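Undergrad: In the numbering used here, the protein residues as written are 350 to 760.
We put the CB at the ideal spot given by N, CA and C, even for glycine.
As the structure is a computational prediction, the values presented were derived from the model and not from experiment.
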């Protein structure tokens, strides 16, 4: 008889966004005339930039002709996209990367979930709390989490780095040695950021403890303030201790198109069982080529067009649109006397739930009384209890309408 991976049984309940979808569906069935506004799941609403669609149309035409047709492409990504990424996202900021250090994929969610496969099962991981659920759940599936403590709402073997109002949602360094550290900046869900000096503390810790930082920078394009680093590699020595994840999903509307990339510097080493140095990029390349056939040529041509002069202007317009939405939500909630965070360098607004409501109770209140879907903070971890996340990815009309509906609530 076939048996299952017991680690999957350690997963707690439904995946956060699946649970939100269930509750929303149930509410609509019971209230078919409700005009729902979704500010919950971070999906974009604006169309693809014109530069992107033109490039993709042209790529489709190429594939229609035998002399320009392409079948399997390089799993790591086509050179034209790798060169564009290196020149625009890194070289322009004084960071030197080689072509064999960048790996194109179909999404940061996939990469941050899959990266743990190349590390030992007994690796000790640390995550921010609250945290993007994929970091935790994929390590639970791999067997690193230990048992789930229902009282603490945490796994016994995971090191949680609490982020709350007391520390301005910026975690303290681990009190014990850890092997893998998941950091996300600009942060999802809190929308907060670290300065270069604050980020250097983490690089120094990783160096001192032979740790590796898994740095999720999916929202880098939304940074507005000058003192916020766009890449962890702006910090001296970070190439020796950090892997960086980037995405085109939110910046260019690729949530349905699917394209992202991961940077694994050649300087980054880890130890094998005998204590010998192993180049992490080689292992990721082996895993990548074994389990992934590459992003489509059409998609990669569209991604490369983002870096054209026209593409850059159109991306800036998209970012400005969503960040204006963020400002509308942030200012609207603050005017009601609510404690509000984020929304300055990220398209997420993190608020303290009013009237002492817990996160899911506020979800139900917002859905039932204002017909607005948000994301309960506790879904991102125990430290998110009593907080709530709203996204700026809706239309301008829906964003403004949502704020007006919230104004009318009894909070």
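1. Among 729, 626, 603, 732, whose alpha-carbon lies nearest the alpha-carbon of residue 405?
2. Would you check if the segment 692-699 and the segment 553-573 touch, i.e. whether three or more CB-CB distances between them fall below 8 angstroms?
3. Just the Cα atoms here: how many angstroms apart are residue 505 and residue 496?
4. How far does the beta strand (DSSP E) with residue 689 in it extend, from its first residue to its last?
5. If I measure Cβ to Cβ from residue 511 and keep anything under 6 angstroms in the same chain, skipping five residues before and after, which residues do I get?
6. Helix, strand or coil for residue 708 per DSSP?
7. Let me know the beta strand (DSSP E) ranges lying completely inside the segment 626-655, each 3 residues or longer, listed in chain order.
8. Three-state secondary structure (DSSP) at residue 445?
9. Put residue 519 into one of helix, strand or coil per three-state DSSP.
10. If I'm right that residue 784 touches residue 475 with Cβ under 8 angstroms, what's the distance once you round it to whole angstroms?
11. What is the residue span of the beta strand (DSSP E) that residue 736 lies within?
12. Of the residues 553, 598, 609, which one's Cα is nearest the Cα of residue 585?
13. So residue 508 is in the alpha helix (DSSP H); what residue range does that whole segment cover?
14. I need the DSSP call for residue 355, collapsed to helix, strand or coil.
15. Identify the continuous beta strand (DSSP E) that holds residue 611 and give its terminal residues.
16. Kindly indicate which residue of 758, 684, 690, 749 has the alpha-carbon position closest to the one of residue 704.
17. What is the DSSP secondary structure of residue 725, reduced to helix, strand or coil?
18. Please work out which residues of its chain come closer than 6 angstroms, Cβ to Cβ, to residue 700, disregarding the five sequence neighbours upstream and downstream, and give them in chain order.
19. Helix or strand or just coil, what does DSSP make of residue 390?
20. Could you give the first and the last residue of the continuous alpha helix (DSSP H) run that contains residue 409?
21. Taking the alpha carbon of residue 775 as the point to measure from, which residue in 442, 633, 749, 641 has its own alpha carbon closest?
22. Do three or more CB pairs link the segment 746-753 to the segment 413-424 at distances below 8 angstroms?
23. Within the continuous beta strand (DSSP E) that includes residue 534, where are the two ends?
TA: Straight from the coordinates:
1. 603
2. yes
3. 6 angstroms
4. First-last of the beta strand (DSSP E) with residue 689: 689-691.
5. Excluding sequence neighbours, residue 511 sits near 478, 732.
6. helix
7. 626-628
8. coil
9. coil
10. Any answer about residue 784 is impossible in this case: the structure gives the chain only from 350 up to 760.
11. For residue 736, the enclosing beta strand (DSSP E) has its first and last residue at 736-740.
12. 553
13. It is not in any alpha helix (DSSP H) - residue 508 instead sits in the beta strand (DSSP E) that spans 508-511.
14. helix
15. 609-612
16. 758
17. strand
18. 682, 687, 689, 737
19. Of the three classes helix, strand and coil, the one that applies to residue 390 here is coil, per DSSP.
20. 399-412
21. The question about residue 775 has no answer here: the residues shown for the chain are numbered 350 through 760.
22. no
23. Counting along the chain, residue 534 falls outside any beta strand (DSSP E), and DSSP gives it neither H nor E.
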